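Adding 1 to a residue's 1-based position in the sequence shown gives its number in my numbering.
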Amino acid sequence: MSQTNRKDGGLINKEKTLTFTFNGQILRGYEGDTLASALLANNKQLVGRSFKYHRPRGIVTVGSEEPNAIMEIGSGAHKEPNTRATVTQLYNGLEANSQNHRGPLSFDLMAITDFFSPMLGAGFYYKTFMWPKAFWEKLYEPAIRNSAGLGTLSTEPDPDTYDKGFRYCDILIIGAGASGLSAALTAASSGAKVILADEDFLMGGRLNSETAKIDGKAGSEWAKNAVDKLSAMDNVTLMSDTTIFGVYDHGIYGALENRSSESRAESKKPRQVNWRIYAKRSILCAGAIERSIAFGNNDRPGIMLAGAVRAYMNRFAVATGKKVSVYTNNDDGWQTAKDLRSKGVKVVAVIDSRSISPVMGIQGAEIFMGTDVVDTKGRRALKSIKLSNGKSIDTDSLAVSGGWNPNLHLTCHHRGIPKWNEDIASFVPDDNTPPGMSVAGRAKGTMVLNDAIKEAHDLGSFVAEELGFKASDLEPATTPTVAYNVVANWGVPSGKNRAWVDFQNDVTAKDVKLANQEGFKSVEHVKRYTTLGMATDQGKTANVLGIGIMAENMGQSMQETGTTIFRPPYNPVAVGAFAGRRRGMEFYPTRYTPSHKWSEEQGAVFVEVGMWYRSQWFPQPGETHWRQSVDREVIQTRSSVGICDVTTLGKIDIKGSDVSEFLNKVYVNAFAKLPVGKTRYGLMLREDGMAMDDGTTARLAEDHFVMTTTTANAVSVYRHLQFCHQVLWPDLDVHMISVTEQYAQYAVAGPNSRKLLEKIVDSKHDISNEGFPFMAAGEISVCGGIPARLFRISFSGELAYEIAVPTRYGDSLMRAMMEAGEEFNVVPYGTEALGVMRIEKGHAAGPELNGQTSAYDLGMGGMVSGKKDFIGYKLGLREELQRSDRMQMVGFKPVNKADLVDKGHSMAGSHLLDLREKPTTENDQGWISSSIYSPMLGCYIGLGFIKNGLNRKGEFVRAVDLVRGSDIEVEICSPHFYDPEGGRLRV
């Protein structure tokens, strides 16, 4: 298909033709086109449908503020919905499809909703769908959900690659138009390290779309020369096609760089990079965004912003129509008519709502001053317009300019509030910009180009000087002064016709007025009631227009009416860009235990535990079910000896003369008099008295302790200790470091554990029961001089030890212990067997330490010292936490041992009720937190919480699991199911 609207000139490369498709139709464009410019070149006026009424929509703007031309790009797994055609760089093979319609774009079946628009005004969803009540879930919600949304997801994993990066600079300049380039030249010439970022793939901003001359050259040529000069400087980083989407604390800026062209050529390259930029100072030169005027049927395809019409002509050599009209309230709109006429495009009329003399003469055009457009004709494309003087004009393109709004979004990310400037009829940044940010050019409200260039030039030097660099002696570029005059025009009476404010969300001037009449006076409330500014463009073209209509309705000033709150991100950011490469196996760093390679050789099944990969069980030939492997590992460990890699437990080395006092303050039990060579179990509380973590701490010397934590809380406990030391007790002589990954640690458990260790522990160390009793700890050596640490502690309830060696020896130690234990039929056991044995012994773990349990709830009230203060002590004594009817941890065993065995699932998650009560929330008395099948007891057992549980041992209740369909009778018992006296671990 020929490009019927393509003209001569422009900044595109007509030597390189690109082929793309739109709704399956093959079209052509040129290198340098956007998807939007190529569609317009091919005379594609209708490109989408609106969200609510499915009205025909055409391209309105030329930048990221586009509300209408929202496309699905790509196909299959590569499909990306809600992509703005105006900022999508055209490439060979691009597949674009319109969205939000049923049936063909030109005959959308959902357009029938437009006929019901009188019943679907602002807030209709708050007033309807409320009754009958039963209809919501069965009728209303399914229908609404089926109609809602714009694009569709592929439902396949995203095959594209995303990345993250960090950059640092002295000065970040946001926007590479005339102001941004001017500021960058002076700042960079001073020697400062500069980053210049612009959301367009072609730097130069509006200079690429205008005919203004700078220093006697075409604006686009001056911009190219400036970019070339900056790119040659070692202290300058140019980031085109990069949007600064957020301003955060401490000079941190979020930036999204689009690298689609690279990723298409090589799939391993990232499609987008999410940069975190650290800048000492920033200069915002983001320019301004044009707004529309509200008049009857102002949403037809072919009605565009005047600056966009001019940009498509000057930059892309595309005429938006054959008979163009211009409707404006400011001088800049006339520039569009002038540029179009100079390129041979017929301008049939210029309509200016101001009652002044014509700004300039436009050959062949009728001039109407003090006149407005009140209505338009045409369904899928504009055919004619009607003026307030009653005259109708045949036209296929209407360029509308209601004025320009400084692009101040980023200045408000720290809660800055824009202020109204009557001279330019728009909001401008106030003085409360984010720390370190300055604003120049149109973004500040300086609308005259020559003034904007001078302002940015001076600001670049000033900011560089503030940072200690020598000011540049460059002279600012100059351009003929062109005045900018504007008289605010928010809209004209439209009678029965609808005047559209927010094109994407179908918000009209009447909707805003209705919201005001119904009591919504705050702009934030009106936004939510009408959905004004809540679309994918976040109201970039609609917000100020809507605020102006509000102000007129309520008879107040624009300053009194105010604006909505601007928040990051400035433009939509794909979730994949936030995730970067952290997806699948790379979602978190994967850490392997020292015995991982050996475990792989044994055919272990692995499980993710936190950020670790741990052996879950070790299947043997003939075992067809995981529980067979786990039962064997438990039985073999309890009958002889087993080894488990427990490296993942948090390990913190703590040294200093005040460590014992420090530990006394963070643990509920006493640690001040812990002897050297001994280990003690400890429980930590949060400040609110709830259990935080448990573990053991060993004293290796007077001033040297080693703490272990649970795997899940290794980081949070270390962070907690650092807070306690640095903030609460900074005067204590305490120094700590995490050594979790510096030591490989193994639990060696079972009646023959000592015999096994005696074969690898160097003979000079006595590890007999008398020489190394229960809870002993010490530094030893193994295998002929390898330094190690040995702790006689037991999580399994058996005679057990934990032995730690430097990580580099971890794999070798595992192999050595397995070899030494062959005569004892040693078995490696995984996390499942570990869990079985901990529940058999009644040890609390993650499911019990859930942030809602106190020491008393866990049955550890006897550990709590009343002779010292510690974190959580005072709040732990609150009356509510001392109630006897609180949920307390106890054990549960089935009355019928065969219960659940055939069902293949445990009691975990079951709720506890009296024997004859119905399973309702009101009757719920507690829950089973952990449950396993015990091969030693031959049945399922569990730990759980029930009201007043410590005083109810021997009672019978029901464990009901409605999800899995089980309802069994259980006995409340001690949580210590196996060897409750603890004799086995002390031999």
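Where a beta carbon is used, it is the ideal one built from N, C-alpha and C, also for glycine.
Computed from a predicted structure; not experimentally measured.
Which of helix, strand or coil DSSP assigns to residue i
{"i": "L675", "result": "coil"}
{"i": "I768", "result": "coil"}
{"i": "P68", "result": "coil"}
{"i": "G506", "result": "Inspection of the sequence shows that residue 506 is occupied by Asn rather than by Gly. Here N506 sits in coil by DSSP."}
{"i": "N408", "result": "coil"}
{"i": "P143", "result": "helix"}
{"i": "R7", "result": "strand"}
{"i": "I113", "result": "helix"}
{"i": "V545", "result": "helix"}
{"i": "S107", "result": "helix"}
{"i": "N851", "result": "coil"}
{"i": "L151", "result": "coil"}
{"i": "M612", "result": "coil"}
{"i": "Y313", "result": "helix"}
{"i": "R529", "result": "helix"}
Residue i CB to nearest heavy atom of the ligand MG below 7 Å
{"i": "G785", "result": "This structure lacks the ligand MG, and indeed carries no ligand of any kind."}
Contact check, residue i vs residue j, beta carbons under 8 Å
{"i": "G288", "j": "P570", "result": "no"}
{"i": "M72", "j": "T84", "result": "yes"}
{"i": "L533", "j": "V493", "result": "no"}
{"i": "G683", "j": "Y668", "result": "yes"}
{"i": "R381", "j": "L151", "result": "no"}
{"i": "L757", "j": "F825", "result": "yes"}
{"i": "D340", "j": "T482", "result": "no"}
{"i": "A472", "j": "A453", "result": "no"}
{"i": "F296", "j": "V349", "result": "no"}
{"i": "G696", "j": "T712", "result": "no"}
{"i": "W618", "j": "A834", "result": "yes"}
{"i": "S191", "j": "S462", "result": "yes"}
{"i": "A960", "j": "I929", "result": "yes"}
{"i": "G166", "j": "G206", "result": "no"}
{"i": "T531", "j": "A123", "result": "yes"}
{"i": "Y744", "j": "T808", "result": "yes"}
{"i": "V325", "j": "R7", "result": "no"}
{"i": "G10", "j": "K225", "result": "no"}
{"i": "S855", "j": "L800", "result": "no"}
Minimum C-alpha distance to residue i - residue among the options
{"i": "I174", "options": "F108, N101, D115, V248", "result": "V248"}
{"i": "E525", "options": "T565, G873, S358", "result": "T565"}
{"i": "K378", "options": "R839, K387, M370", "result": "K387"}
{"i": "R884", "options": "R568, N949, G152", "result": "N949"}
{"i": "M890", "options": "F369, L110, A692", "result": "A692"}
{"i": "V464", "options": "A489, A789, V195", "result": "V195"}
{"i": "I13", "options": "Y313, D474, W276", "result": "Y313"}
{"i": "V896", "options": "A489, N299, C940", "result": "C940"}
{"i": "T447", "options": "A715, P436, E601, L285", "result": "L285"}
{"i": "P788", "options": "N226, D886, I804, F116", "result": "I804"}
{"i": "M111", "options": "G49, E157, A97", "result": "G49"}
{"i": "E16", "options": "R29, G25, F23", "result": "R29"}
Residue i - partner residues in DSSP beta bridges
{"i": "D695", "result": "L684"}
{"i": "C1", "result": "The chain is shown only over 2 to 988; residue 1 falls outside these bounds and no answer can be derived."}
{"i": "F428", "result": "W421"}
{"i": "M438", "result": "S283"}
{"i": "V783", "result": "V762, I787"}
{"i": "C170", "result": "A280"}
{"i": "C940", "result": "S935"}
{"i": "R959", "result": "L914, E970"}
Is the number of C-beta pairs between the segment 534 to 549 and the segment 220 to 237 that are closer than 8 Å three or more?
no
Three or more C-beta pairs closer than 8 Å, one from the segment 422 to 432 and one from the segment 376 to 395: is that the case here?
no
Would you call the segment 31 to 38 and the segment 496 to 511 in contact, with 3 or more CB pairs under 8 Å?
no
Measuring CB atoms only, is the segment 650 to 661 touching the segment 729 to 741, in the sense that at least three cross pairs come out at less than 8 Å?
yes
Three or more C-beta pairs closer than 8 Å, one from the segment 832 to 847 and one from the segment 776 to 784: is that the case here?
no
Is it the case that the segment 399 to 408 contacts the segment 356 to 373, given that we only count it when at least three CB pairs across the two stretches are under 8 Å?
no
Answer yes if the segment 406 to 418 comes into contact with the segment 513 to 522, meaning at least three C-beta pairs across the two stretches below 8 Å, and no otherwise.
no
Under 8 Å, with one C-beta from each stretch per pair, do the segment 330 to 338 and the segment 347 to 361 reach the 3-pair mark?
yes
On the three-pair Cβ rule with 8 Å, is the segment 303 to 317 touching the segment 58 to 66?
yes
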